[in-house]
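Report on one structure; see the data block that follows.
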Amino acid sequence: MKNGLTAVTYGLTSVVGVAAFLYPFWLPQLAQSSDQTLARANDSALMVAVLVGICFAVLLLEVQQQAVSAQTIALLGVLVAINAALRFAEVALPGPGGFSPIFVLIVLAGYVFGGGIGFLLGALTLLASALVTGGVGPWLPYQMFTAGWVGLSAPLCRPLIRLLQACWPEAGGAWSPAHKEVELWVLALFAGYWGLLFGATMNLWFWPFAVGPAQMHWQPGVSLGDTVQRYLVFYVVTSLGWDLMRALGNFLLVFFLGAAVVRVLRRFQRRFAFVYQPNPALASPAQARPAGAAEGR
Amino acid sequence: MTAALPPETPPRDRARAASQPLQPLSWAGWAAAVATIATLTRQPVYLLLLLASIGAVRWRCVQEPEKHSLSSLRLGLLLFASTALANWAMVRAGTTELFALPTWIPLLGGAWTLEALAYGALNGLALAALLVGFSLLHQVVAVRALLRLTPRAYYPVAVVLSIAVTFVPTTLLQLQQIREAQAVRGHRLRGVRSWLPLIVPLLEGGLERSLQLAEAMVARGFASPAAPHARRAQGLALAGFASLVVGWLLQLAIGTLWWTSLPMVGGGAALLIGLWHAGRQHPYTVYRPHPWQRRDWIVLAGALLAAGAYLLPVFDRSTLFYSPYPTLTGPALDWRIGLATAGLLFPALLLETR
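Note that the protein sequences, when read in sequence, are chains C and X.
For the record, in the first sequence the residue sitting at position 102 is 101 according to numbering that gives the first Met the number 0, with numbers rising by one throughout.
For the record, in the second sequence the residue sitting at position 161 is 160 according to numbering that gives the first Met the number 0, with numbers rising by one throughout.
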């Protein structure tokens, strides 16, 4: 029952979220079917925005249950702070295009700690940095959702890496250098791929404002292929260069920093594994005193 | 003792009450109304009225200018111009041809029309209104106050966020210190690989501090009790969401009949009850309460009035969906909707900060 509800939440929010993000493509088709729906379709931009927000809220309600212990909450808070700080410190390399270092930690933390932590890290990084710099707006649910998906999908790399490592058994032991390289390549390609996808997804928010479904409504024969083609032209012209920079930056950052960051995260994962168990003998009010929580260190 | 308070509020207290900022929730309602209107309408008069209201509120309520080099006004102007130009350059629709480029030029070739320019400009107006409106929200409400708007159902998220917002300045400082320490050792930033000596100490230090923070939280009694009814709240919210989606799809496919709106209303109610139920498991107390004043209610009512005029089928809603295609004509106007937009002006009338 418990796992069933979780699975249904993930499944339903993913399907509805993807459908809502893609609405500029399918709505004109639906609107052509009758005149009455055309009138409704004008309201759809607002309705879809509300739907994306609600979808995100339902998913967040489920995922946040993985952040109940003090350790997890403190870990997430500090990681979000580091990510938000990295986003705005000009560390080096005056970032070309959409280059942004935030995805390294989102992907790697999702990969090491699990999809729930990755989702929370991705979504809350964007929320916290928007709060700090004044970037709150109606685009925020879309950004949070997409960055959350990046972290949520990061554990999908695990079976792939295991599979690839099993394909090259001659490389030696479980942690031979060759196996580590496989891990790095998969993670770096994954981060690069999301760099592109993040841009394309965020464009979907902006696109109805730029050319707009309303522009398509009055044309009687516009087909799905036409719509997709228009989007591709719009995307290539306005943002492909920008997004390629982000994809390349993600790839390079994960490729060069990934091994060290994963090592640090794994080490702290072991250290975070302590569990605070109150001693029942000390629980009586006369003897109540703060029990050391540091046994596990 | 507080028992000796005089029956009427002394004038000094009244003056202090007048200078107290508005509730963050009423500002959030105001911003939500701006977002609703800007997303819904593409009618130039309404959009200009919306922008004028935002401008008036900004003029009255924002004291210090923005610190960024690229202020939101300039950014809004840039966005407006680029959206208008992009649509003009890319869309080949409309009948009023201004000039034509040879058709062998990819993308840009063909007739450049007045309608495409007008449509782009309208979209640009809407985007600029969103941008300026929300940057204003940021200038008048403190970050902490915005954080406190997080619903109670999202208590863990709120704790994580407040830790993060507190640690951002420390982290920036730490990054600066690490950079200086590495620079003393001859470290120079060249290429991605040279980030390694900066990122790893930052991460190590941050995680170390998060361990200490976790221990401090546990020592001060932070513990999340196993929420007994979390699953029920979760299931209720999920069912409400599913019903909402089904209702909307039904409305799109069949149209607005009395029974197609039932799933939406029921779903929305189930969702709200689920969230309320989840929030009840996290009781909290407020150290410094910020009481609701009459001004807060007025601002909220004004925002509701403005958004309601655009949302509810009371006035002529067909005037909202103005389209310049295929031939540019003057937009139809319902003056009552335009008048209701002025509901957004209430913060400017009530706050005397200038």
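Beta carbons are placed, not taken as given, at the ideal position from N, Cα and C, and that holds for glycine.
None of these values were measured; they are calculated from a predicted model.
Cβ neighbour criterion (16 or more within 10 Å) applied to residue i
i: residue 153 (chain X); result: buried
i: residue 99 (chain C); result: buried
i: residue 354 (chain X); result: Outside the shown range of chain X, which is 0 to 353, sits residue 354 (chain X), and nothing can be said about it.
i: residue 345 (chain X); result: buried
i: residue 16 (chain C); result: buried
i: residue 354 (chain X); result: Outside the modelled stretch of chain X, which goes from 0 to 353, sits residue 354 (chain X), for which no answer is possible.
i: residue 371 (chain X); result: This structure gives no information on residue 371 (chain X), because the portion of chain X shown stretches from 0 to 353.
i: residue 54 (chain C); result: buried
i: residue 187 (chain X); result: exposed
i: residue 198 (chain X); result: buried
i: residue 179 (chain X); result: exposed
i: residue 220 (chain X); result: exposed
i: residue 225 (chain C); result: exposed
i: residue 328 (chain X); result: exposed
i: residue 104 (chain X); result: exposed
i: residue 222 (chain X); result: exposed
i: residue 94 (chain X); result: exposed
i: residue 326 (chain X); result: exposed
i: residue 124 (chain C); result: buried
i: residue 140 (chain C); result: buried
i: residue 35 (chain X); result: buried
Where the beta strand (DSSP E) through residue i begins and ends
i: residue 110 (chain X); result: 109-112
i: residue 100 (chain X); result: 96-100
Bounding residues of the alpha helix (DSSP H) (the contiguous stretch that carries residue i)
i: residue 242 (chain X); result: 229-253
i: residue 43 (chain C); result: 43-62
i: residue 361 (chain X); result: The first residue shown for chain X is 0 and the last is 353, placing residue 361 (chain X) beyond what the model contains.
i: residue 292 (chain X); result: Premise fails: residue 292 (chain X) is in no alpha helix (DSSP H) and is neither H nor E.
i: residue 141 (chain X); result: No alpha helix (DSSP H) holds residue 141 (chain X); DSSP gives it neither H nor E.
i: residue 81 (chain X); result: 71-89
i: residue 51 (chain X); result: 43-60
i: residue 25 (chain X); result: 23-39
i: residue 77 (chain C); result: 69-87
i: residue 100 (chain C); result: Unbroken run through residue 100 (chain C): none, as it is neither H nor E.
i: residue 92 (chain X); result: Run containing residue 92 (chain X): none; DSSP gives neither H nor E here.
i: residue 348 (chain X); result: 345-349
Where residue i falls: helix, strand or coil (DSSP)
i: residue 271 (chain C); result: coil
i: residue 282 (chain X); result: coil
i: residue 147 (chain X); result: coil
i: residue 104 (chain X); result: coil
i: residue 169 (chain X); result: helix
i: residue 23 (chain C); result: helix
i: residue 232 (chain C); result: helix
i: residue 8 (chain C); result: helix
i: residue 214 (chain C); result: Because residue 214 (chain C) carries a pLDDT of 46, less than 50, the predicted location of this residue cannot be relied on, and no value is offered for it.
i: residue 134 (chain X); result: helix
i: residue 222 (chain X); result: coil
i: residue 20 (chain X); result: coil
i: residue 184 (chain X); result: coil
i: residue 18 (chain C); result: helix
i: residue 124 (chain X); result: helix
i: residue 259 (chain X); result: coil
i: residue 190 (chain X); result: coil
i: residue 238 (chain C); result: coil
i: residue 66 (chain C); result: coil
i: residue 113 (chain C); result: coil
i: residue 206 (chain C); result: helix
i: residue 13 (chain C); result: helix
i: residue 167 (chain C); result: coil
Any non-hydrogen atom of the ligand NAD within 7 Å of residue i CB
i: residue 154 (chain C); result: In the structure shown, the ligand NAD is absent, as is every other ligand, since no ligand is present at all.
*Against chain D: residues of the segment 181-192 of chain X by CB proximity under 7 Å*: Annotation note: the requested chain D is absent from the structure, which comprises protein chains C and X.
*Every unbroken alpha helix (DSSP H) within the segment 123-164 of chain C, with a cutoff of 4 residues, ordered by chain*: 139-152
*Between the segment 133-159 of chain X and chain C, which residues of the former have a C-beta closer than 9 Å to a C-beta of the latter?*
133, 134, 136, 137, 138, 142, 145, 146, 150, 152, 153, 154, 155, 156, 158, 159
_List, from N- to C-terminal side, the alpha helix (DSSP H) runs of 4 residues or more that fit wholly inside the segment 299-341 of chain X._
334-340
*Which of the residues in the segment 40-64 of chain C, read from start to end, lie with their CB under 8 Å from any CB of chain X?*
40, 41, 42, 43, 44, 45, 46, 48, 50, 53, 54, 56, 57, 59, 60, 61, 63, 64
*Below 7 Å between beta carbons is the criterion; list the residues of the segment 195-221 of chain X that meet it against any residue of chain C, in chain order.*
195, 197, 198, 199, 201, 202, 203, 205, 206, 208, 209, 210, 212, 213, 214, 216, 217, 218, 221
*Could you run through the segment 63-81 of chain C and flag, in chain order, every residue whose CB is less than 8 Å away from some CB of chain X?*
63, 64, 66, 67, 68, 69, 70, 72, 73, 74, 75, 76, 77, 78, 79, 80, 81
*Would you list, in chain order, the members of the segment 327-351 of chain X that have their beta-carbon closer than 9 Å to a beta-carbon of chain C?*
none
_Please identify, using Cβ separations under 7 Å, the residues of the segment 132-145 of chain C that lie next to chain X, in order along the chain._
133, 135, 136, 137
*Given a limit of 9 Å on CB to CB distance, which residues of the segment 271-284 of chain X reach chain C?*
273, 274, 277
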